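To start, the structure under review is shown below, and the notes come after it.
Dropping the structure here:
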């Protein structure tokens, strides 16, 4: 009984910790722009309104940022996961010299201070014409998500019973059939998990997003949020910003709701087995 | 119109690339191709990067502010389209400079804050503007659009700060507001009457606007001989600098300072002037848009709103109010710079300046525009006269390609305002600016 | 693949098999490199090359908007940075944020992991909600907490008993750093707790049971059994989070923009390079930032290794 009560308290605390700030943004987003501008220090809105969402939905620049973020993150994720799958397969299954070197490079890159790159990258990108373009963001996103993807995938791949492939071949399946029918279904969840984690990373990026873009041509959501323009020429509109924040948080909540098991498995896979 | 293409193109090609191992190359190639093939058929589009305008009032129809000007200035020959820059002047500068440093041809026209106009011109990013663009423009605005003795951008509108206050509070303090007042007087008056003095003192460009005004009003300058670039003369460590630091120190340590002084900006100071008539209110220095803001607010407060010349730093010495505004520059990398130059003439025409002023409350840069009947209907005559005079006698921030560096250096010594010390701050600032300009110190 | 399978009992066979094996391993080597090459190239393209370029640029005085003034200054940029108090203040802030956030996260994250580990009901809900802070954009988290601490629009002043309603959290250094840490801790504790949870689930129940039978108290079990057995998980979690926290940028950008002396080393570098276009001194900062991260990684790995070895000897 006592443990149950303790668990209940712990549960409530965790839920409060995780959801309270989200509730705060949600509540803020229902405050009218006028209420927030006049100072509205209480938690709940005095007069809830959906106007802020309407403003955000009609904001062409924000729409562009959403398209940019989705497009760039998806492309970067796809490419990154493809490259990582190849690499992780090699690391998990093949015995080759320099495996450790590859893993060390991945580790070093995962720890890399990204800000120290924006200067030279900006300088390079402006010469190559990549500044403020989608590829200009896709490339760095790929590089920085690869370590995470490689780790997650190689951890998953190590668990796959590869003998089954040979068994299938012995049973008369061609190499391709064996790969498609046996290995793909086994590897798919890992690839999918790696893709989600990679997507989160790209979706969350801010440093590259503000440094390597300058217009809505490529500016992603986090940067657009930081530049949000409201009716007050001098201050960002608190409640509209909250509404925009809510709108970019909803996809995350949906992904998390649908795939929580996979995400947790992916996050912890590489870590424990080292 | 031509803009969305690179994105849709790269997205459309996406599934096909899936099978290619090195798909990245394809992404780059496809996007570059799409970017190059962006030219529209026939009529060229001039892209004008604008700073945000205030929101259009409810019920306003059609394109507002600079977007409206763009619409009116589109001709059979070209279309002018606007692209919105971020809110803060600092951020606008960064966004534009980054594009220009990349020699991006997609900028044709840009709205430039006077403080970074010099830097853009010095870097060679600005194409010449029409020779007659300075005709009939108020002196303060011309200075903010010139570099190396030449007009490098065309002033669209000019901003200035005046002293806004609550008449009831000034009355209670026995201040004669028809005469010039000093900072000491208004701080004391506010303290006695439980009011506040609103200034902009966040760690941003706006705080340097205030510091610069305090110093120029006392007869000094933060830097001079700015045409020497990094070798400019630093003048903060002077009597004027000490006077300015003294005023900041006095306000920051008095009860007239607002609670959020160290993060205050043009917007946060507004509520302190009172949301209802019973609030004590106080004084505030702020730009011209305040009139329109209060006109739309509480009626009793609006009736009690007074305006006067920017306060003096030294009693008896005419103040040199801040000046701001927007200049229109033509990009040196524009593929249509002839057309863009043509468009500048239309954008900064007197007619557009007046319409813009009526819509947004941002005052014209052209002298003659102040006599416009429509404008006179919108603003009280004495206020218009105050604005005009304030712009004409303004103390601009020194036009220097290194201004942004100077701003950061000043801010790092003057922020937070409560730590300013008239005895040490000016000297430390001068030493520091010199070190920073020489590349010996970080800022 | 088939070569290894066909083995005949002939004398020369072992020799041939050995040759086949080396050939196979050579083939495997080749295939291995072919498969990892794209990823390795991609990773190095965006890091190694720019880093060398930064190294080169850091030897110049070079402002992007004044390219003609570019001149070779040797190591002067490094000298300027390393003798500058601003650099050391910012490094100090960064280390402070790193130590505080990681320490707090470790404690809270461990508590969360314990709860989640023992939980027999509502596991899905907890796991889902704990992933929300992890998945939320850092900028959004920064805004949420900035507004919460805001003088005009935040509830924090009203809710905290000892804080006046007009207290300006972003008006001075330590309160502002506190707010920044809160946002950072909120967002990243879940990650920490999930890593710790994974470590926790590797501890065998038998061992705990045995300790219990031996009369060990809950506290003793925690320190003598659970924590020593979780060393690997804790090490990984701390290493990752520490290096992540050392790079702190987003929260500071949104919440204070580095005002009131709350700037981090990353933010300083960003400002020099991107805001002031000082590619020379900015590149020197980039290099120093990179070296700092390497140093911290090295120290942490060293520290943990010593600890791990010591633990092994004890056990």
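Chains as they are written, first to last, in our numbering: chain A, 3 to 276; chain B, 724 to 1166; chain C, -17 to 297. We treat Cβ as the ideally placed atom computed from N, Cα and C, and that holds for glycine. The structure presented is a predicted model; accordingly, all values stated were derived computationally and were not measured.
A residue is called buried when at least 16 other Cβ atoms come within 10 angstroms of its Cβ; residue 8 (chain C) does not meet this threshold and is exposed. The residue among A:217, A:246, A:268 and A:241 with its C-alpha nearest the C-alpha of residue 43 (chain A) is A:241.
A distance below 8 Å separates the beta carbons of residue 89 (chain A) and residue 152 (chain A).
Residue contact with chain A for residue 7 (chain C): present (Cβ-Cβ distance below 8 Å to some residue of chain A). For residue 977 (chain B), there are no neighbours in chain C by C-beta distance under 8 Å, as the nearest C-beta there is about 16 Å away. The three-state secondary structure of residue 885 (chain B), taken from DSSP, is strand. By the rule that beta-carbons nearer than 8 Å mark a contact, residue 1151 (chain B) does not touch chain C.
The alpha-carbon of residue 119 (chain A) is positioned some 20 Å away from that of residue 814 (chain B).
Proximity to residue 849 (chain B) across B:863, B:826 and B:860 peaks at B:826, based on C-alpha coordinates. In the assembly as shown, residue 172 (chain C) is a buried residue. Its beta-carbon has 16 or more other beta-carbons within 10 Å.
In this chain, residue 832 (chain B) is not harboured by any alpha helix (DSSP H); it is covered by the beta strand (DSSP E) spanning 832 to 835. Among the residues of the region 113 to 141 of chain C, those with a Cβ less than 8 Å away from any Cβ of chain B are 133 and 134, in the order of the chain.
Under the Cβ distance rule, residue 1162 (chain B) counts among the residues neighbouring chain C, one pair being separated by less than 8 Å. Residue 1025 (chain B) carries a helical assignment under DSSP once its states are collapsed to helix, strand and coil.
Within chain A, the residues placing a beta-carbon under 7 Å from that of residue 29 (chain C) are 111, 114, 119 and 145, ordered along the chain. Using a Cβ-Cβ distance cut-off of 8 Å, the region 37 to 56 of chain C and the region 263 to 271 of chain C are in contact, since at least three pairs of beta carbons, one from each stretch, lie closer than that value.
For residue 203 (chain A), the enclosing alpha helix (DSSP H) covers residues 186 to 206. Shown here for residue 774 (chain B): same chain residues with a beta carbon closer than 6 Å to its own, the five before and five after excluded, namely 808, 815 and 834 in chain order. The closest CA to that of residue 820 (chain B), considering only B:804, B:810 and B:840, is found on B:840.
Under the 10 Å beta carbon count, residue 1136 (chain B) is surrounded by 16 or more other beta carbons and is classified as buried. In this structure, the straight-line span from the alpha carbon of residue 1075 (chain B) to that of residue 787 (chain B) is close to 12 Å. Nearest to residue 177 (chain C) by C-alpha distance, out of A:268, A:13 and A:60, is A:268.
Sequence-distant partners of residue 45 (chain A) (beyond 5 residues in either direction) whose C-beta falls short of 8 Å from its own C-beta, in its chain, are 26 and 29. In the DSSP assignment, residue 768 (chain B) forms a beta bridge with B:802.
Interface criterion not met: the Cβ of residue 1016 (chain B) is under 8 Å from no Cβ in chain C. Contact note: residue 994 (chain B) reaches chain A through 39, 40 and 41, using a C-beta cutoff of 9 Å and chain order. Shown here, residue 880 (chain B) sits in a strand according to DSSP, grouped into three states. Between residue 1051 (chain B) and residue 1070 (chain B), the CB-CB gap stays under 8 Å. With distances taken between CA atoms, residue 252 (chain A) lies nearest to A:202 out of A:225, A:165, A:202 and A:131. When secondary structure is reduced to three states using DSSP, residue 773 (chain B) falls in the strand class. Inter-segment contact for the region 1123 to 1140 of chain B and the region 905 to 918 of chain B is absent: fewer than three beta-carbon pairs are separated by less than 8 Å. Looking from the CA of residue 35 (chain A), the closest CA among A:58, A:13 and A:19 belongs to A:58.
Residues of the region 7 to 30 of chain A whose Cβ lies closer than 7 Å to any Cβ of chain C, in chain order: 9, 12, 13, 16, 17, 20, 21, 23, 24, 26, 27 and 30.
If you check each beta-carbon in the region 212 to 228 of chain A against every beta-carbon of chain B, the ones closer than 7 Å belong to 216, 217 and 219. Straight-line measurement puts the Cα of residue 928 (chain B) at about 8 Å from the Cα of residue 1131 (chain B). Annotated as proximal: residue 1118 (chain B) and residue 940 (chain B), with beta-carbon spacing under 8 Å.
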